[in-house]
Amino acid sequence: SQQGEEDPQALSIQEGENATMNCSYKTSINNLQWYRQNSGRGLVHLILIRSNEREKHSGRLRVTLDTSKKSSSLLITASRAADTASYFCATDNYGQNFVFGPGTRLSVLP
Amino acid sequence: NAGVTQTPKFRVLKTGQSMTLLCAQDMNHEYMYWYRQDPGMGLRLIHYSVGEGTTAKGEVPDGYNVSRLKKQNFLLGLESAAPSQTSVYFCASTLLGALAGGPGEQFFGPGTRLTVL
Numbered sequence: 095s096q097q098g099e100e101d102p103q104a105l106s107i108q109e110g111e112n113a114t115m116n117c118s119y120k121t122s123i124n125n126l127q128w129y130r131q132n133s134g135r136g137l138v139h140l141i142l143i144r145s146n147e148r149e150k151h152s153g154r155l156r157v158t159l160d161t162s163k164k165s166s167s168l169l170i171t172a173s174r175a176a177d178t179a180s181y182f183c184a185t186d187n188y189g190q191n192f193v194f195g196p197g198t199r200l201s202v203l204p
Numbered sequence: 282n283a284g285v286t287q288t289p290k291f292r293v294l295k296t297g298q299s300m301t302l303l304c305a306q307d308m309n310h311e312y313m314y315w316y317r318q319d320p321g322m323g324l325r326l327i328h329y330s331v332g333e334g335t336t337a338k339g340e341v342p343d344g345y346n347v348s349r350l351k352k353q354n355f356l357l358g359l360e361s362a363a364p365s366q367t368s369v370y371f372c373a374s375t376l377l378g379a380l381a382g383g384p385g386e387q388f389f390g391p392g393t394r395l396t397v398l
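Given below as structure tokens:
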């Protein structure tokens with residue numbers, strides 16, 4: 095079964111608005127990562143947050159992690175049409191590999 | 282650096298045929314992974330390798346075999362292709378895994394779109 099589950103499955107917003115996506119997981123983790131996938135392309139790493147961190151920023155991205163609720167959120171501020179993509183969370187439970195959720199499809203309308 | 286490359290980009294097979302997908306990375310990464318991605322689903326791990334000469338099963342290994350004879354290459358083989366193996370296949374690599382204290386950031390190849398008729 096998949097460790098991470100993103101919510102919502104799909105999100106449509108206007109350019110300039112903020113987009114928030116959530117990820118829930120089931121077991122204790124070492125770290126959680128967010129990836130972006132443009133249509134027809136491979137995944138690109140966005141940000142990694144460790145289990146002892148609560149918030150992390152990278153440019154227009156803000157990731158939070160709540161280990162007590164086993165959840166994470168990805169906020170994209172001032173969205174652009176180029177942010178249109180699928181976003182995946184991946185969890186590492188101290189193992190040698192990662193488990194990806196089904197993803198959130200974000201559409202940013204000009 | 283080319284990063285992670287995959288060949289071929291597209292392939293159509295008939296049921297029962299065999300093929301090998303090649304993944305190559307030039308970043309001197311220890312860990313390499315093969316995933317499949319089906320519509321509406323995330324990536325599912327097929328096999329992975331924590332170093333040259335070692336391989337391990339992932340979540341969906343049946344029908345696939347892998348080899349890591351050289352550190353930079355990870356091959357995925359389908360011995361007898363089935364329509365259920367129609368998918369997009371992604372290879373990824375990381376410098377080190379979490380158990381080795383690495384950051385675990387994965388670098389992905391562009392994918393191979395495989396259709397089995």
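Here the protein sequences come in this chain order: A and B.
Going by my numbering, the first sequence opens with residue 95, and the numbers climb by one from there.
Going by my numbering, the second sequence opens with residue 282, and the numbers climb by one from there.
The beta-carbon is built from N, C-alpha and C at its ideal position, and this holds for glycine as well.
Computed from a prediction, not measured in an experiment: that's the story for all the values here.
Using a Cβ-Cβ distance under 8 Å, would residue 116 of chain A count as near chain B?
As a first step, residue 116 of chain A must be located in the first sequence, where it is residue number 22. Contacts with chain B at 8 Å (Cβ-Cβ) do not include residue 116 of chain A.
Where do the ends of the beta strand (DSSP E) carrying residue 476 of chain B lie?
Given a span of 282 to 398 for chain B in the structure shown, any question on residue 476 of chain B remains unanswerable.
Between residue 367 of chain B and the rest of its own chain, which residues show a CB-CB distance below 7 Å, the 5 nearest in sequence each way excluded?
Indexing the second sequence from 1 puts residue 367 of chain B at position 86. Take residue 367 of chain B, set aside five residues on each side of it, and the residues of its chain with a beta-carbon closer than 7 Å to its own are 395, 396, 397, in chain order.
Limits of the beta strand (DSSP E) - the one that residue 150 of chain A falls within:
Working through the first sequence from its first residue, we reach residue 150 of chain A at position 56. Residues 149-152.
Whole angstroms are fine: how far does the CA of residue 307 of chain B sit from the CA of residue 347 of chain B?
Numbered from its first residue, the second sequence carries residue 347 of chain B at position 66. Numbered from its first residue, the second sequence carries residue 307 of chain B at position 26. Going from the Cα of residue 347 of chain B to the Cα of residue 307 of chain B covers about 19 Å.
Can you tell me the Cβ-Cβ gap for residue 326 of chain B and residue 316 of chain B, rounded? I've got them flagged as a contact below 8 Å.
Your numbering for residue 326 of chain B matches position 45 in the second sequence. Your numbering for residue 316 of chain B matches position 35 in the second sequence. With a beta-carbon spacing of about 6 Å, residue 326 of chain B and residue 316 of chain B fall inside the 8 Å limit used to define contacts.
Beta-carbon proximity list for residue 149 of chain A, same chain, < 6 Å, skipping 5 on both sides:
Position 55 of the first sequence, counted from the first residue, corresponds to residue 149 of chain A. Once the five neighbours on either side are set aside, the close Cβ partners of residue 149 of chain A are 158.
Helix, strand or coil for residue 363 of chain B per DSSP?
Within the second sequence, numbered from 1, the residue matching residue 363 of chain B stands at position 82. Correct three-state label for residue 363 of chain B: coil.
In terms of residue numbering, what span does the beta strand (DSSP E) encompassing residue 139 of chain A cover?
Counting from one through the first sequence, the residue named residue 139 of chain A turns up at place 45. Unbroken beta strand (DSSP E) run through residue 139 of chain A: 137-144.
Does the Cβ of residue 121 of chain A have 16 or more other Cβ atoms within 10 Å, making it buried, or fewer, making it exposed?
Taking the first residue of the first sequence as position 1, residue 121 of chain A is located at position 27. With fewer than 16 other Cβ atoms within 10 Å, it is exposed.
For the beta strand (DSSP E) containing residue 125 of chain A, name the first residue and the last one.
Here residue 125 of chain A corresponds to residue number 31 of the first sequence, with the count starting at 1. It spans 125-131 - the beta strand (DSSP E) in which residue 125 of chain A sits, taken as one unbroken run.
Own chain residues within Cβ distance below 6 Å of residue 283 of chain B, not counting five before or after
Numbered from 1 along the second sequence, position 2 holds the residue referred to as residue 283 of chain B. Excluding positions up to five away in sequence, the list reads 307.
Does any residue of chain B have a CB that is nearer than 8 Å to the CB of residue 108 of chain A?
Within the first sequence, residue 108 of chain A is the residue found at index 14, counting from 1. No, its Cβ sits nowhere closer than 8 Å to a Cβ of chain B.
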